[in-house]
Amino acid sequence: MDKLLKSNWFVKIIAFLLALMLYTVVSMENQQQADRNSFLTSFSKNSETVKGVLLTPFYDESKYVLSDLPKTVDVKLSGPSDLITKALKVDRRIQVYVDLNRLGPGTAKVPVKVRNLPDGVDAEVEPKEVKVTLHRKLTKQFSVQFNTKESKNLPSGISEKNVTFSPKNVYVTGAEESVENIESVRATVDGSQLSGEMATNLSLKAYDKEGHEENVMIDPKTVNATIPLKKQKKSLPITINQKGSLPKGLTISELSVSPKEVTISGSPEQLKKITKLKSIDVDVSSITKNQTIKVDVPVPKGADSVEPKQVEVKISVDKDVTSKTFSNVPLSISGKEEGQSVSIQSPSSKSVDVTVTGSKASIDALSKSDVKASVDVSGLDRGTHRVSIDASNPKNLPMKLSTSSVQVKVDRKEQEDQSNNSTQEDERTGSRESNNEQSQEKKSKQQLSPSYRASRGQETIDRDDSETEGEN
1 MDKLLKSNWF VKIIAFLLAL MLYTVVSMEN QQQADRNSFL TSFSKNSETV KGVLLTPFYD
61 ESKYVLSDLP KTVDVKLSGP SDLITKALKV DRRIQVYVDL NRLGPGTAKV PVKVRNLPDG
121 VDAEVEPKEV KVTLHRKLTK QFSVQFNTKE SKNLPSGISE KNVTFSPKNV YVTGAEESVE
181 NIESVRATVD GSQLSGEMAT NLSLKAYDKE GHEENVMIDP KTVNATIPLK KQKKSLPITI
241 NQKGSLPKGL TISELSVSPK EVTISGSPEQ LKKITKLKSI DVDVSSITKN QTIKVDVPVP
301 KGADSVEPKQ VEVKISVDKD VTSKTFSNVP LSISGKEEGQ SVSIQSPSSK SVDVTVTGSK
361 ASIDALSKSD VKASVDVSGL DRGTHRVSID ASNPKNLPMK LSTSSVQVKV DRKEQEDQSN
421 NSTQEDERTG SRESNNEQSQ EKKSKQQLSP SYRASRGQET IDRDDSETEG EN
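Each residue of the sequence shown is one higher than the one before, counting from 1 in UniProt numbering.
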């Protein structure tokens, strides 16, 4: 025994066993305390108020339409906190409702009920009662009409009678008194969303005789519409723009188009803005003999269509090449709007030199009056602009200009007239001021210089005084 007590290993083992026993005792005490706390907590009462809980009505929806029912209520739950937490965040089965199955048409106060509560959890609802109204349900068919008052951005000339809808009829369902009060179901159109003559997914609204919107259900909710637009037609000349060059040794003796004009169609507002057609490009680089080709006519921006869609271009070539320059061809102005004043600032001659190339026979047949040069100012705002020159000749022969563009000034006539009137008024005012200054100067000389009277003599001075008084 003495040997065991003196052994280091024996002492270490005894110490370890004692420590283990002490740890076990302390752990058992902590576990017992935790169990006691958990047991007490599970039986402690707690409360939590949930706001905005959805209120569900139960009634015969095939016969009635419900109104005046609040969408949500507040619910106060009382009970063990773990059960409340489980019910709200895990189960989520609690339902707040009103039972209207035994009610008929009319207004009544009904209690708000709660179901699917866990055992041990109580609920208190605020408000405890709600006021509801049941209406007899009615479904009626209406034809869709065009809402001219609320539609916007529509082209001019649209007639309500010409608008067709698909589907033509819709069904309206709602409270009997609301449906019976409906005068029309109308579709609203935004012209900016028109695709050609078609408008899609137009929303519908039901109105009474006084134009007030009724709260009803419409099936289908949207319709499509075909809106015939009032169109006008306009004829414009075609111009040809030569692209590329003929093979060496050849020249164009004639480049003509048939027909010379095409007809564009569209709304009056858009056609008013279109004053000319863009020149049609014709590539002549592969032309070696006289021939006629067909080219497409593009639809100008803003127009709906063009007729014909193709034109024939006759190309005549010649081996006898020559050129001729026509000097000082006057520049004309096209595309000027009403009330607009346009002047050419540069070149000051308001003319351009045009060199025409073609066969000798074609050139000899041309005169200066056959060569036209113009500038198009359509769409230009007030101010100074650089504008390209358009040149033409009867046979569409290639041309070269001494300058490709001119500088123009765009103004309004009334502003120009006001400017001229202001200049004339300034000139009249300046003239009067000049006369007054001369009169005052003459008086000053007479009053301030005695030698002036003496040198001129009394007779002359009196005459000057008389003239001065007359001027004043």
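For every residue, glycine included, the Cβ atom is placed at its ideal position computed from N, Cα and C. Source: prediction; values computed, not measured.
Considering only the beta carbon of each residue, do Lys-314 and Thr-288 sit closer than 8 angstroms? No.
Would you mind giving the Cβ-Cβ distance between Val-170 and Ile-218, rounded to the nearest angstrom? I have them listed as a contact below 8 angstroms. 6 angstroms
Assess, as a yes-or-no matter, whether the segment 302-322 is touched by the segment 380-388 under the definition of 3 or more beta carbon pairs within less than 8 angstroms. no
For Leu-88, report the span of its beta strand (DSSP E) as first-last. That residue, Leu-88, is in no beta strand (DSSP E); it is neither H nor E in DSSP.
Which class does Ala-303 belong to by DSSP, given the choice of helix, strand or coil? Ala-303: coil per DSSP, three-state reduction.
Same chain, Cβ closer than 6 angstroms to Asn-8, neighbours up to 5 away in sequence not counted: Short of 6 angstroms from the beta carbon of Asn-8, and not among the five residues preceding or following it, lies no beta carbon of its own chain.
If we call anything under 8 angstroms between Cβ atoms a contact, is Pro-111 one with Glu-129? yes
Quick check: Ser-405 and Val-387, are their CB atoms within less than 8 angstroms of each other? yes
Kindly list the residues whose CB is nearer than 6 angstroms to the CB of Ser-67, restricted to its own chain and excluding five residues on each side of it in sequence; keep chain order. Thr-133
Do the segment 360-368 and the segment 338-345 meet, that is, are 3 or more Cβ pairs less than 8 angstroms apart? no
For chain B, find out if any of its Cβ atoms is closer than 8 angstroms to the Cβ of Ile-13; answer yes or no. Included in the structure is just one protein chain, with no chain B present.
Quick one: Cα of Ala-15 to Cα of Glu-48, how far? 54 angstroms
Go ahead and pull the three-state DSSP assignment for Glu-124. Here Glu-124 sits in strand by DSSP.
Can you list the alpha helix (DSSP H) stretches of 4 or more residues lying completely in the segment 236-300, in chain order? 268-273
Alpha carbon to alpha carbon, what distance is there between Lys-168 and Glu-176? Rounded to the nearest angstrom, the two C-alpha atoms are 23 angstroms apart.
Leaving out five residues on either side along the sequence, give the residues of the same chain with a beta carbon under 6 angstroms from the beta carbon of Pro-450. Residue placement at Pro-450 is poorly supported in this model, since its pLDDT is 36, which falls under 50; the coordinates still yield a value, given next. Taking Pro-450 as the centre and dropping the five residues before and after it, the same chain places no C-beta closer than 6 angstroms to its C-beta.
List the endpoints of the continuous beta strand (DSSP E) containing Val-179. Looking at the DSSP string, Val-179 is not in any beta strand (DSSP E); the run it does join, the alpha helix (DSSP H), is 176-180.
State yes or no: is the C-beta of Ser-81 within less than 8 angstroms of the C-beta of Asp-122? no
Take Val-11 and list the residues in its own chain whose beta-carbon comes closer than 6 angstroms to its own, dropping the five residues that flank it on each side. none
CB-CB under 6 angstroms to Leu-138, same chain, minus the five flanking residues each way: which ones, in chain order? Glu-176, Val-179
Figure out for me which residue from Glu-269, Ser-245, Pro-220 has the closest Cα to the Cα of Thr-173. Scanning Glu-269, Ser-245, Pro-220 for the CA closest to the CA of Thr-173 turns up Pro-220.
Between Ser-402 and Leu-271, what straight-line distance do the alpha-carbon atoms span, to the nearest angstrom? 33 angstroms
Leaving out five residues on either side along the sequence, give the residues of the same chain with a beta carbon under 8 angstroms from the beta carbon of Ser-203. Ala-187, Thr-188, Lys-221, Thr-222
Ignoring anything shorter than 3 residues, give me the beta strand (DSSP E) runs that lie fully in the segment 294-375, in order along the chain. 305-307, 310-318, 321-334, 340-346, 351-359
In the DSSP assignment, find the unbroken beta strand (DSSP E) run with Asn-46 in it and report its ends. 46-58
Cβ of Ala-225 within 8 angstroms of Cβ of Ala-206? no
In three-state terms, what does DSSP make of Asn-162? helix
Whole angstroms are fine: how far does the CA of Ser-285 sit from the CA of Ser-245? If I take the Cα positions, the gap works out to 5 angstroms.
Start-to-end residues for the beta strand (DSSP E) that takes in Thr-188: From DSSP, Thr-188 is part of no beta strand (DSSP E); its letter is neither H nor E.
Mind checking which residues open and close the beta strand (DSSP E) that includes Ile-94? Where Ile-94 is concerned, there is no enclosing beta strand (DSSP E), given that its DSSP letter is neither H nor E.
Integer-rounded CB distance, given that Leu-103 should sit under 8 angstroms from Phe-58: Not confirmed; about 11 angstroms, so no contact.
Measuring alpha carbon to alpha carbon, tell me which of Lys-243, Val-262, Thr-251 ends up nearest Asp-281. Lys-243
According to the neighbour-count rule (16 or more other Cβ atoms, all chains shown, within 10 Å of its Cβ), is Ser-253 buried or exposed? Buried, by the Cβ-count rule.
Leaving out five residues on either side along the sequence, give the residues of the same chain with a beta carbon under 6 angstroms from the beta carbon of Ser-374. Ser-332, Ser-334, Asp-390
Less than 8 angstroms between the C-beta atoms of Val-295 and Val-306, yes or no? no
Just verifying my parser: in three-state terms, what is the DSSP assignment at Asn-169? strand
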